[in-house]
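First comes the structure, then the notes that go with it.
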Amino acid sequence: MDIAARPACLALMLALGACSSGEERASTRPTSFDGEVLRIAVLRADGRTERFSSLRDEWYSWSWFPFMPNHSGRRWTMGKTDRDGVSLAYALVSWDNDDPTDYLSAGFWMRFDGARTTRRLNPADAEIVPFIDGPELDARHPPELPVSGTAAYAGSAGGVYRYRQPGAEPLAEEFTATITLEADFAAGTVAGCIGCVGDIALEREHLYALLGWRRGDAVAGHPPTGYEIRFAPAAIGATGGLEGASVAVTHPDRALVGTDGGWCGRVYS
């Protein structure tokens, strides 16, 4: 059970698309948490760092209940408006009741350049940066992994689905799905798939906390139902990080001209 649970963190990382696992970037921590105050630091596309503090920027906060025994959890929505636009952040954190600094956090940051209000924000117009973080993901503490055998994991996944039909308004919505992962410890690799078990569905689960049910006028002419996103085996690095350069998208009833992409994650013990 212990071995099978080790790749579990990858599911959340892939769900959020948090591709920050490269060994050269692994020492950067996007969050800190002391049991009360959550701080987030996001690297923007323009190279600047945007910082949030639940003490200063909180909009709403409410508790949630992790599956782990003797653990507590909380969700935050944060936001701020400046002369150039609106920035929003959503995060959920779980922590050990005996040591709140032993935590795991996940969430995303959204930037709407040019927005003057938080009303009728369309996620298709946003720069979106996901994150996942916690002391166990610190590259300075490499995981202890088996040297043989395999481990399988299946769990919830989610992310942002972007779609645009010629001449129509762009669409961006949250999707939910099941992700499956398999680690081959002898080969030192992890592979996975989103949509191979169950369907990929458009559903606001976490995005709702920031934007509610407000949507643009666009409707997905081709929703992601029926598609499978297959992640080719990626090597587990010395610090537990992995990056794969091969992602294939397939559909049983459609011939796709071409697909590409990358994926990444981190294994911890």
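For the sequence shown, the positions run 17 to 285 when this note's numbering is used.
Built from N, CA and C at the ideal position, the CB exists for glycine as well.
As the structure is a prediction and not an experimental result, all values here were calculated from the model.
Quick one: what does DSSP say residue i is sitting in, helix, strand or coil?
i	result
Pro186	coil
Glu40	Any reading at Glu40 must be qualified, since the residue scores a pLDDT of 41, below 50, and its modelled position is unreliable; the value itself is stated next. Note: Glu40 maps to helix in three-state DSSP.
Leu226	helix
Ala131	coil
Ala193	strand
Pro139	helix
Asp287	What the structure shows of the chain is the stretch from 17 to 285, and residue 287 is not part of that stretch, so it cannot be assessed.
Leu161	coil
Asp115	strand
Leu153	helix
Pro85	coil
Thr266	strand
Gly253	coil
Val273	coil
Compare the beta carbon distance of residue i and residue j with 8 Å and say whether it is the shorter of the two.
i	j	result
Thr117	Phe49	yes
Tyr284	Pro159	yes
Gly195	Gly183	The displayed chain sequence assigns Ile, not Gly, to residue 195. Contact flag unset, no.
Ala219	Glu190	Checking the displayed sequence, the identity of residue 219 turns out to be Glu instead of Ala. Yes; because the gap between Cβ atoms is below 8 Å, this pair is in contact.
Ala264	Leu258	no
Trp111	Gly171	no
Val58	Val176	no
Ala61	Val102	no
Ala188	Ala173	no
Ile216	Thr241	yes
Ser121	Gly150	yes
Gly253	Gly278	no
Glu143	Arg127	yes
Which residue's Cα is closest to the Cα of residue i: the options?
i	options	result
Ala202	Ala170, Ser164, Tyr243, Ser172	Ser164
Tyr119	Ser262, Arg127, Ala107, Arg60	Ala107
Glu74	Asp215, Arg282, Trp279, Leu54	Leu54
Leu71	Ile56, Arg270, Thr65	Ile56
Tyr169	Asp200, Asp269, Ser262, Leu137	Asp200
His157	Thr255, Pro46, Tyr76	Thr255
Ala248	Val206, Cys212, Gly281	Val206
According to DSSP, residue i sits in a beta bridge with which residue or residues?
i	result
Trp279	Gly260
Ile148	Ala122
Thr166	Asp200
Glu74	Met94
His238	In DSSP, His238 forms no bridge with anything.
Ala57	Arg67
Arg246	Cys209, Ala264
Could you tell me how far apart the beta carbons of residue i and residue j are, in whole angstroms, since I believe they sit closer than 8 Å?
i	j	result
Gly15	Ala140	One cannot answer for residue 15 here, as it falls past the ends of the chain, which runs 17 to 285.
Ala225	Arg91	7 Å
Tyr243	His222	Tyr243 to His222, Cβ: 21 Å. No contact.
His238	Tyr179	7 Å
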